[in-house]
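Engineer:
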Amino acid sequence: MTDQPQPLLRRLWQQWLKPIIVVVVIIAPLRSSVADWNDVPTQSMEPTILVGDRILVNKLAYGLRVPFTHFYALSWSGPQRGDIVVFHAPGDGKRMAKRVIAIPGDRIAMRNNRLFINGAAMPVERRTAAELEANDLTDPAPHLFGLETLDTVEHAVMAQPHRPAPRSFDEITVPAGQYFMMGDNRDNSGDSRSFGFVPRHRILGRAYGTAYSFDHDDWYRPRWSRFLRDLD
2 MTDQPQPLLR
12 RLWQQWLKPI
22 IVVVVIIAPL
32 RSSVADWNDV
42 PTQSMEPTIL
52 VGDRILVNKL
62 AYGLRVPFTH
72 FYALSWSGPQ
82 RGDIVVFHAP
92 GDGKRMAKRV
102 IAIPGDRIAM
112 RNNRLFINGA
122 AMPVERRTAA
132 ELEANDLTDP
142 APHLFGLETL
152 DTVEHAVMAQ
162 PHRPAPRSFD
172 EITVPAGQYF
182 MMGDNRDNSG
192 DSRSFGFVPR
202 HRILGRAYGT
212 AYSFDHDDWY
222 RPRWSRFLRD
232 LD
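Quick note: the sequence shown uses the numbering used here, first residue 2, plus one each step.
(1) What is the DSSP secondary structure of Ser226, counted as helix, strand or coil?
(2) Looking at Val125 and Thr153, is the spacing between their C-beta atoms short of 9 Å?
(3) Pick helix, strand or coil for Pro8, following the three-state DSSP scheme.
(4) Which of the three DSSP states, helix, strand or coil, is assigned to Ser193?
(5) What are the uninterrupted segments assigned as beta strand (DSSP E) that are 3 or more residues long and contained completely in the region 46-101, given in chain order?
(6) Starting from Ala177 and walking both ways along the beta strand (DSSP E), at which residues does that stretch end?
(7) Just to check my reading of the structure: Asp40 and Arg55 have Cβ atoms closer than 8 Å, yes? What is that Cβ distance to the nearest angstrom?
(8) Give a yes or no on whether the C-beta atoms belonging to Arg203 and Asp188 are separated by under 9 Å.
(9) Who does Asn39 pair with in a DSSP beta bridge?
(10) Could you tell me the alpha carbon to alpha carbon distance between Asp107 and Ile118, rounded to whole angstroms?
(11) For Arg224, tell me which candidate among Thr211, Lys99, Ile109 has the shortest Cα-Cα distance.
(12) Assuming contact is defined by CB atoms lying nearer than 9 Å, are Leu57 and Ala208 in contact in what I supplied?
(13) Can you give the Cα-Cα distance for Ala173 and Met111, rounded to whole angstroms?
(14) CA-CA distance, Ser195 and Leu9?
(15) So, with DSSP's three-state summary, where would you put Glu149?
(16) Among the candidates Val175, Met123, Ala121, whose CA atom is the shortest distance from the CA of Arg1?
(17) Would you mind giving the Cβ-Cβ distance between Gln44 and Thr139, rounded to the nearest angstrom? I have them listed as a contact below 8 Å.
(18) Quick one: Cα of Gly191 to Cα of Ala74, how far?
(19) Would you kindly work out how many angstroms separate the C-alpha atoms of His217 and Pro48, rounded to a whole number?
(20) Is Ala166 closer than 9 Å to Leu133 when the C-beta atoms are compared?
As structure tokens, then:
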């Protein structure tokens with residue numbers, strides 16, 4: 002009778018605990034340094050990324066990180082203007098998804114929500130919500146929409162005239178090894194206008210698409226059109 006518990010414990014180890022541990026040991030480093038997915042809890046990237054989107058992140062986009070650290074074992078490229086990146090914010094370390102607006106050495110300014118980089122105004126064309134497929138927005142109307150061009154990247158931006166927001170700042174220069182981030186929802190985004198530049202080592206990877214999306218305000222209704230969708 003005293004020998005019975007041991008086979009049971011052995012079976013539990015072999016059939017349940019050991020496989021779970023193996024999966025964790027394999028998956029955790031991969032998520033840390035190769036690929037990951039993140040929920041989006043805020044409106045700061047609307048209309049590009051919606052609350053309820055699960056975004057896919059390529060952590061090999063800029064280099065190979067040592068798992069569970071901010072250290073790059075190998076680095077082969079840097080974030081470019083227009084990239085959507087996931088990073089740990091300076092100060093509180095909160096994980097965020099924002100767009101790279103300016104790279105090291107750039108001179109950047111904003112005047113009434115118009116970006117100027119290295120003295121040149123970034124092109125913005127007015128668009129309607131229908132043209133941009135700006136649906137299921139959680140920030141209250143009225144909204145103004147545009148299509149902004151950063152280098153060769155065209156992306157949607159949104160403004161909310163009724164909301165107090167930092168719409169202008171004087172020209173500043175991005176230091177070496179740092180990046181200036183902003184949300185596409187320009188009037189409702191905590192970004193480099195508030196927490197400053199983001200060091201290269203805090204950038205975890207580039208967001209390139211949505212895995213799936215659910216509307217939190219409509220009983221978690223699936224947004225089928227956003228499943229496996231590229232991000233601009």
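All C-beta atoms in this analysis are idealised placements derived from N, C-alpha and C, irrespective of residue type, glycine included.
Structural biologist: So, from the data block:
(1) helix
(2) no
(3) helix
(4) helix
(5) 54-59, 64-66, 73-76, 85-89
(6) Per DSSP, Ala177 belongs to no beta strand (DSSP E) and is neither H nor E.
(7) 6 Å
(8) Cβ distance not < 9 Å, so Arg203 and Asp188 don't count as in contact.
(9) Answer by DSSP bridge pairing, in chain order: Ile56.
(10) 7 Å
(11) Thr211
(12) yes
(13) Sequence check: residue 173 is Ile here, not Ala. Those two C-alpha atoms are separated by around 10 Å.
(14) When rounded, the distance between both Cα atoms is 57 Å.
(15) If DSSP states are grouped into helix, strand and coil, Glu149 belongs with the strands.
(16) In the structure as shown, the chain begins at 2 and stops at 233. Residue 1 is therefore absent and cannot be evaluated.
(17) With 8 Å as the limit, Gln44 and Thr139 qualify as a contact, their Cβ atoms being about 5 Å apart.
(18) 30 Å
(19) A straight line joining the alpha-carbon of His217 with that of Pro48 spans about 16 Å.
(20) Result no, Cβ atoms of Leu133 and Ala166 do not sit closer than 9 Å.
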